[in-house]
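Heads up, the thing below is written out as structure tokens.
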Amino acid sequence: GNSVTQMEGPVTLSEEAFLTINCTYTATGYPSLFWYVQYPGEGLQLLLKATKADDKGSNKGFEATYRKETTSFHLEKGSVQVSDSAVYFCALSDQGAPMDSSYKLIFGSGTRLLVRP
Amino acid sequence: DTGVSQNPRHKITKRGQNVTFRCDPISEHNRLYWYRQTLGQGPEFLTYFQNEAQLEKSRLLSDRFSAERPKGSFSTLEIQRTEQGDSAMYLCASSFISPEAFFGQGTRLTVV
Chain A
71 GNSVTQMEGP
81 VTLSEEAFLT
91 INCTYTATGY
101 PSLFWYVQYP
111 GEGLQLLLKA
121 TKADDKGSNK
131 GFEATYRKET
141 TSFHLEKGSV
151 QVSDSAVYFC
161 ALSDQGAPMD
171 SSYKLIFGSG
181 TRLLVRP
Chain B
305 DTGVSQNPRH
315 KITKRGQNVT
325 FRCDPISEHN
335 RLYWYRQTLG
345 QGPEFLTYFQ
355 NEAQLEKSRL
365 LSDRFSAERP
375 KGSFSTLEIQ
385 RTEQGDSAMY
395 LCASSFISPE
405 AFFGQGTRLT
415 VV
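Top line first, the protein sequences correspond to chains A and B. For reference, each letter of the first sequence is one residue, going 71 to 187 in this note's numbering. For reference, each letter of the second sequence is one residue, going 305 to 416 in this note's numbering.
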């Protein structure tokens, strides 16, 4: 079945450091890929998405590129801030005809990021 | 606020009691999803509705769990005879038949 694997955390960085969080997936067909962020005690917020191979999703300085050949969707940011400290989840959703697809999300186990001043 | 709203935010209950959670989706969204998230893990799919029809249920959704979405608007998730293993964050999400779902802040259940 479909699955998502993320690098384990926590990832601890100093402010302004470069961030990479690895994500690989296993899926049949061509899923949509997402990164969600979760702040302490809160629900999930969509950070960025990509729906087809070679698409680059970007938001708030974060980027991720849909790599079909390596089945990866790594999250990157050039300069992290203390306010980026959170748990980041990679997820996939099936992508078929709208009335035939549940679009349920399959999540990785999350990667905690801690940014120190 | 036009986002997904969940109530209550926190619930503490004794083992064996019944609990019910409510989710109000974004008003124009016709799909509503329930997920469960345990500590240190990613959310896991429980069930989803399109309008008032419940179209899929996960094997995680035991007989003690029931979800409804009357009239295709808000949804409720009820857990009967709660067990300590039910302690988790219960997340609701909504969408308009697309992979992009919007999540509520969740209901954290603690069974003591």
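Using N, Cα and C, we set each Cβ at its ideal position, and we do this for glycine too.
Exercise for the section: Output yes or no for whether 7 Å exceeds the beta carbon distance between alanine 120 of chain A and leucine 145 of chain A. Expected result: The residue given as residue 120 of chain A occupies position 50 in the first sequence. The residue given as residue 145 of chain A occupies position 75 in the first sequence. For the 7 Å CB-CB criterion, alanine 120 of chain A and leucine 145 of chain A do not form a contact.
Handout entry: Chain-ordered residues of the segment 123–156 of chain A with a beta carbon less than 9 Å from chain B
Key = Of all residues in the segment 123–156 of chain A, none has a Cβ within less than 9 Å of some Cβ in chain B.
Practice task
Inspect the beta-carbon positions of phenylalanine 325 of chain B and tyrosine 339 of chain B and report whether they are closer than 7 Å.
Solution key: In the second sequence, the residue the question calls residue 325 of chain B occupies position 21. In the second sequence, the residue the question calls residue 339 of chain B occupies position 35. The Cβ atoms of phenylalanine 325 of chain B and tyrosine 339 of chain B do not sit closer than 7 Å to each other.
Exercise for the section: Note down, in chain order, all residues in the segment 105–117 of chain A with a beta-carbon under 9 Å from any beta-carbon belonging to chain B. Expected result: Hits within the stretch, in order: Tyr106, Gln108, Gly111, Glu112, Gly113, Leu114, Gln115 and Leu116.
Practice task
Would you grab the beta carbon distance between alanine 371 of chain B and serine 379 of chain B for me? Rounded to a whole angstrom, and I think it's under 8 Å.
Solution key: The residue you call residue 371 of chain B lines up with position 67 of the second sequence. The residue you call residue 379 of chain B lines up with position 75 of the second sequence. Sure, about 6 Å apart at Cβ, within 8 Å.
Handout entry: Contacting residues, own chain, Cβ-Cβ under 6 Å from leucine 365 of chain B (five flanking each side not counted)
Key = Within the second sequence, residue 365 of chain B is the residue found at index 61, counting from 1. The beta carbon of leucine 365 of chain B is closer than 6 Å to those of Leu350 and Thr351 in its chain, skipping five residues each way along the sequence.
Practice task
Enumerate, from N- to C-terminal direction, the unbroken alpha helix (DSSP H) stretches of 4 or more residues contained entirely within the segment 148–176 of chain A.
Solution key: Not a single unbroken stretch of the alpha helix (DSSP H) spanning 4 or more residues falls wholly within the segment 148–176 of chain A.
Practice task
Tell me, please, which residues DSSP counts as bridged to alanine 87 of chain A.
Solution key: Taking the first residue of the first sequence as 1, we reach residue 87 of chain A at position 17. None; alanine 87 of chain A has no bridge partner.
Practice task
Could you name the residues of chain A that glutamine 409 of chain B contacts, counting a contact when the two beta carbons are closer than 9 Å?
Solution key: For the purposes of this step, residue 409 of chain B is taken as residue 105 along the second sequence, with counting starting at 1. Going along chain A in sequence order, the residues near glutamine 409 of chain B (Cβ under 9 Å) are Gly111, Glu112 and Gly113.
Handout entry: Contact list for glutamine 345 of chain B against chain A, beta-carbon separation under 8 Å
Key = In the second sequence, the residue the question calls residue 345 of chain B occupies position 41. Residues of chain A passing the Cβ test: Ser179 and Gly180.
Practice task
Could you check the C-alpha separation between glutamate 382 of chain B and aspartate 124 of chain A for me, to the nearest Å?
Solution key: Along the second sequence, read from residue 1 onward, the residue named residue 382 of chain B stands at position 78. Along the first sequence, read from residue 1 onward, the residue named residue 124 of chain A stands at position 54. Distance between the alpha carbons of glutamate 382 of chain B and aspartate 124 of chain A: 42 Å.
Handout entry: Boundaries of the beta strand (DSSP E) in which glutamine 409 of chain B is found, first to last residue
Key = For the purposes of this step, residue 409 of chain B is taken as the residue at position 105 of the second sequence. That residue, glutamine 409 of chain B, is in no beta strand (DSSP E); it is neither H nor E in DSSP.
Handout entry: Interface partners of tyrosine 173 of chain A on chain B, CB under 9 Å
Key = In the first sequence, counting from the first residue as 1, residue 173 of chain A sits at position 103. Correct list: Arg335, Tyr337, Tyr352, Ser399, Ile401, Ser402, Pro403, Glu404 and Ala405.
Practice task
Identify the contact partners of serine 163 of chain A in chain B, using a Cβ-Cβ distance below 7 Å as the criterion.
Solution key: Within the first sequence, the letter at position 93 stands for residue 163 of chain A. Those within 7 Å of serine 163 of chain A in chain B are Pro403.
Practice task
Evaluate contact between the segment 321–335 of chain B and the segment 395–408 of chain B, counting only Cβ atoms and requiring at least three cross-stretch pairs below 8 Å.
Solution key: Contact between the segment 321–335 of chain B and the segment 395–408 of chain B is present, because at least three Cβ pairs lie under 8 Å.
Exercise for the section: Determine the chain B residues that contact serine 73 of chain A at a beta-carbon separation under 9 Å, and present them in chain order. Expected result: To locate residue 73 of chain A, count along the first sequence from 1; it is residue 3. Near serine 73 of chain A there are no residues of chain B at all, since even the closest Cβ is about 11 Å away, more than 9 Å.
Problem - Classification of aspartate 367 of chain B by the beta-carbon crowding that lies within 10 angstroms, buried from 16 upward - result: Locating residue 367 of chain B in the second sequence gives position 63, where the first residue counts as 1. Classified as exposed, aspartate 367 of chain B has fewer than 16 neighbouring CB atoms from the shown chains inside 10 Å of its CB.
Problem - Assigned secondary structure, lysine 375 of chain B (DSSP; H/G/I helix, E/B strand, else coil) - result: As a position in the second sequence, residue 375 of chain B is number 71, starting the count at 1. Three-state DSSP puts lysine 375 of chain B in a helix.
Exercise for the section: Under 7 Å Cβ to Cβ from glutamine 388 of chain B, same chain only, skipping five residues before and after it: list those, please. Expected result: Here residue 388 of chain B is taken as the residue at index 84 of the second sequence, counted from 1. For glutamine 388 of chain B, where only same-chain residues beyond five positions count, the Cβ hits under 7 Å are Arg319 and Val415.
Handout entry: N- and C-terminal bounds of the beta strand (DSSP E) containing threonine 181 of chain A
Key = Here residue 181 of chain A refers to the residue found at position 111 when the first sequence is read from its first residue. For threonine 181 of chain A, the enclosing beta strand (DSSP E) starts and ends at 181–186.
Exercise for the section: Count the other CB atoms, across all protein chains shown, that sit within 10 Å of the CB of glycine 410 of chain B; report buried if there are 16 or more and exposed otherwise. Expected result: Taking the second sequence and counting its residues from 1, the one referred to as residue 410 of chain B is at position 106. Answer is buried; the Cβ neighbour count reaches 16.
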